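The block underneath contains the structure these notes are about, expressed in structure tokens.
Residue numbers (the numbering used here), protein chains in the order written: chain A, 32 to 569; chain B, 2 to 121.
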């Protein structure tokens, strides 16, 4: 018998069966496999079966039943295999997603993974997604992030880029976070702003979805009575998914997803699949935001600890101050009293000594030297008093007025005129009151020792971020200028016996701007003190 | 002129005050301690007290409080080696505050000012 099909041959030549494709060459010699995989579905085999029937073989009538059942079972098996493969892919994808969502504490990373999963072909394959999140005060549902193309051109560009790189979901999310997260936030800002609603608006579809804790597939959005026409118009699609993000009964936010470019219908299966994904997303988002808040609290605690440390240091400093205070008190008592007695009695004696008394010059010398020692002592004690500054904000005009009050009388006694040009509206200076008072008084002491003075001017003004205090006289100027480099050493000797100006210099250097002493072109000396103002946030 | 009580634990300083203030025509009584001052205040009437802050084992500020409490009309000038007490609240009870100096002009001016104020 001549058979059309090759089923009867153990081995066949390559031209023996036209249905064996490239790569299936093994079937030429594998008889059983060839029959099962090729012959049973081959039209030639069906012709051979007809021949069997014509020849009257009894089995010829039932073999087609067996063949038909076999093919049917095979098809079902293949379909189940394909279904299993697709489920395996889904499970792998969800596993990959869950691993990231469960391990990440970074809000941006979680957002990137979630939004990439919704929009990537390897994920749920939606064209576009919006994330809305409840604000900290739980007052508003605010548009937070939009992902996807805005038009066909952009979609084409994105999808061709993705096609060229075979990346895992995590890699895609990482790329998205690095390169696109910030720009995507801006790209959809107009839509995000309009998507925001108060959580108290119970009738809104978003709040209803959150209350029901079930995803909703919106169809026919433009004619749907349940949907605000403004929302349909804003999204520009007829069909979209709303998925609530609920974690431990807390409304974290919701995701809106659509196919705005391809307009591929969204199925119930898509919705069910995405529902399994929203819980871990909500949980991860809440955990990340809690972590972020925890970090903020840790930050606050760190600041509080630092402040506490500063306070502790301040206490130690104050203890040192108290020690310095005790030492200076002791010095004051031990030195000032004998000086007063020596100088005081010398003055008493001087009052009764006649001009011709040969002891008069000795008494005058004792009085002068005692006074000088008293002045030096006053300056040193004043400086010691200012060694541990208490920085605070002060009105410089008020400080200068107060320091100048007693000096005015002395100036007037010496017949020296004075004027004070105080700038109005000066900001507060950030200084130690005692230190700067000491400096101003000391400069005036130096001014009053300068010969030839008839006028002293005091000026305050704002210069950039600093307050400038100038004291100007018209007396005999020193033979040097002191610029930013500070006072020349010779100046200390030139200034005479006072320690005051060098101490002022040391104090003002700590404020970052040295004491400037300059010869005035018109004659006299200008003393400039530059003080910092309190800046915002300091 | 006025009757002034000078309270200071240093003999020489009491002597100096006594001479200088007497030169200005004041009647000066001195006390070396707070106890002695309290006794003299109880027995006499003074126009003004010049008081040192640091007395031997005693505080002039305590005596100041006592004077203010019992004789609030009597003016007190603190005359001390310490300028730092100017910031002490207790020192603010005094009518004047002078840092000790061999040049007693400031103390004398302060006495004049306070007596004139009292006379008004």
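Here a beta-carbon is modelled for each residue, glycine too, at the ideal position from N, C-alpha and C. All of these numbers come straight from a predicted model, not from anything done at the bench.
Round the Cβ separation of residue i and residue j to the nearest angstrom and send it over; I've been treating them as touching at under 8 Å.
{"i": "residue 8 (chain B)", "j": "residue 50 (chain B)", "result": "7 Å"}
{"i": "residue 236 (chain A)", "j": "residue 272 (chain A)", "result": "Incorrect: roughly 12 Å between the Cβ atoms, too far for contact."}
{"i": "residue 165 (chain A)", "j": "residue 230 (chain A)", "result": "6 Å"}
{"i": "residue 358 (chain A)", "j": "residue 459 (chain A)", "result": "Rounded, the Cβ-Cβ distance is 33 Å, inconsistent with contact."}
{"i": "residue 393 (chain A)", "j": "residue 430 (chain A)", "result": "That belief does not hold up - the Cβ atoms of residue 393 (chain A) and residue 430 (chain A) are roughly 43 Å apart, past 8 Å."}
{"i": "residue 377 (chain A)", "j": "residue 398 (chain A)", "result": "5 Å"}
{"i": "residue 471 (chain A)", "j": "residue 506 (chain A)", "result": "18 Å between Cβ atoms; not a contact."}
Let me confirm a value: residue i is counted as buried when at least 16 other C-beta atoms fall within 10 Å, else exposed. Which label applies?
{"i": "residue 39 (chain A)", "result": "exposed"}
{"i": "residue 383 (chain A)", "result": "exposed"}
{"i": "residue 92 (chain A)", "result": "exposed"}
{"i": "residue 515 (chain A)", "result": "Any answer about residue 515 (chain A) is weak, because its pLDDT of 41 lies below 50 and its placement is not dependable; what the coordinates show is given next. The residue in question, residue 515 (chain A), is exposed, as its Cβ has fewer than 16 Cβ neighbours within 10 Å."}
{"i": "residue 561 (chain A)", "result": "buried"}
{"i": "residue 528 (chain A)", "result": "Note on residue 528 (chain A): pLDDT 44, under 50, position unreliable in the model; the coordinate value appears next. So residue 528 (chain A) ends up on the exposed side."}
{"i": "residue 65 (chain A)", "result": "buried"}
{"i": "residue 73 (chain B)", "result": "exposed"}
{"i": "residue 47 (chain B)", "result": "buried"}
{"i": "residue 101 (chain B)", "result": "buried"}
{"i": "residue 146 (chain A)", "result": "buried"}
{"i": "residue 105 (chain B)", "result": "buried"}
{"i": "residue 93 (chain B)", "result": "exposed"}
{"i": "residue 27 (chain B)", "result": "buried"}
{"i": "residue 371 (chain A)", "result": "buried"}
{"i": "residue 504 (chain A)", "result": "buried"}
{"i": "residue 101 (chain A)", "result": "exposed"}
{"i": "residue 339 (chain A)", "result": "exposed"}
{"i": "residue 5 (chain B)", "result": "buried"}
Can you tell me which of the three DSSP states residue i falls into?
{"i": "residue 514 (chain A)", "result": "Model confidence at residue 514 (chain A) stands at a pLDDT of 49, short of 50, so the residue's coordinates are unreliable; what they give is reported in the following sentence. Residue 514 (chain A): strand per DSSP, three-state reduction."}
{"i": "residue 204 (chain A)", "result": "helix"}
{"i": "residue 365 (chain A)", "result": "helix"}
{"i": "residue 32 (chain A)", "result": "coil"}
{"i": "residue 494 (chain A)", "result": "strand"}
{"i": "residue 524 (chain A)", "result": "With a pLDDT of 49 at residue 524 (chain A), under the threshold of 50, the predicted position of this residue should be treated as unreliable, though the coordinate-derived value follows. Residue 524 (chain A): helix per DSSP, three-state reduction."}
{"i": "residue 159 (chain A)", "result": "strand"}
{"i": "residue 544 (chain A)", "result": "coil"}
{"i": "residue 80 (chain B)", "result": "strand"}
{"i": "residue 437 (chain A)", "result": "helix"}
{"i": "residue 320 (chain A)", "result": "helix"}
{"i": "residue 21 (chain B)", "result": "helix"}
{"i": "residue 457 (chain A)", "result": "coil"}
{"i": "residue 106 (chain B)", "result": "helix"}
{"i": "residue 504 (chain A)", "result": "strand"}
{"i": "residue 199 (chain A)", "result": "coil"}
{"i": "residue 137 (chain A)", "result": "coil"}
{"i": "residue 380 (chain A)", "result": "helix"}
{"i": "residue 45 (chain A)", "result": "helix"}
{"i": "residue 330 (chain A)", "result": "helix"}
{"i": "residue 571 (chain A)", "result": "Past the edges of chain A, shown from 32 to 569, lies residue 571 (chain A), and the structure says nothing about it."}
{"i": "residue 271 (chain A)", "result": "strand"}
{"i": "residue 305 (chain A)", "result": "helix"}
{"i": "residue 486 (chain A)", "result": "strand"}
{"i": "residue 33 (chain B)", "result": "coil"}
{"i": "residue 424 (chain A)", "result": "strand"}
{"i": "residue 57 (chain B)", "result": "coil"}
{"i": "residue 243 (chain A)", "result": "helix"}
{"i": "residue 481 (chain A)", "result": "coil"}
{"i": "residue 51 (chain A)", "result": "coil"}
{"i": "residue 386 (chain A)", "result": "coil"}
{"i": "residue 296 (chain A)", "result": "coil"}
{"i": "residue 152 (chain A)", "result": "coil"}
Find the residues of chain E that neighbour residue i, judging by a C-beta separation of less than 7 Å, and give them in chain order.
{"i": "residue 82 (chain B)", "result": "As a matter of chain content, chain E is missing from the structure shown, whose protein chains are A and B."}
Between the stretch 32-40 of chain B and the stretch 8-23 of chain B, do at least 3 Cβ pairs fall closer than 8 Å? yes
Take every Cβ of the stretch 488-495 of chain A, pair it with every Cβ of the stretch 440-454 of chain A, and state whether three or more of those distances are shorter than 8 Å. yes
Could you tell me whether the stretch 291-305 of chain A touches the stretch 335-354 of chain A, using the rule of 3 or more Cβ pairs below 8 Å? no
At least three beta-carbon pairs within less than 8 Å, the stretch 55-69 of chain B to the stretch 13-22 of chain B: no
Along the stretch 451-483 of chain A, what residues have a CB closer than 8 Å to any CB found in chain B? none
Which residues, in chain order, does the stretch 400-429 of chain A contribute to contact with chain B at a C-beta distance below 7 Å? 401, 402, 405, 412, 416
Do the stretch 174-189 of chain A and the stretch 215-223 of chain A touch if we need at least three Cβ pairs shorter than 8 Å? yes
Contact residues within the stretch 3-23 of chain B, judged by C-beta distance below 7 Å to chain A: 11, 13, 14, 17, 20, 21
Taking three-plus beta-carbon pairs below 8 Å as touching, is the stretch 265-284 of chain A in contact with the stretch 149-166 of chain A? yes
Would you check if there are 3 or more beta carbon pairs closer than 8 Å linking the stretch 230-250 of chain A to the stretch 182-193 of chain A? no
Quick check: the stretch 430-445 of chain A against the stretch 547-557 of chain A, are there 3 or more CB pairs under 8 Å? no
Along the stretch 371-396 of chain A, what residues have a CB closer than 8 Å to any CB found in chain B? 371, 372, 373, 374, 375, 376, 377, 378, 379, 382
Beta carbons nearer than 8 Å to chain A: which residues of the stretch 94-108 of chain B have them? 100, 101, 102, 103, 104, 105
Taking any Cβ of chain A, which residues in the stretch 51-79 of chain B have a Cβ under 8 Å from it, in chain order? 55
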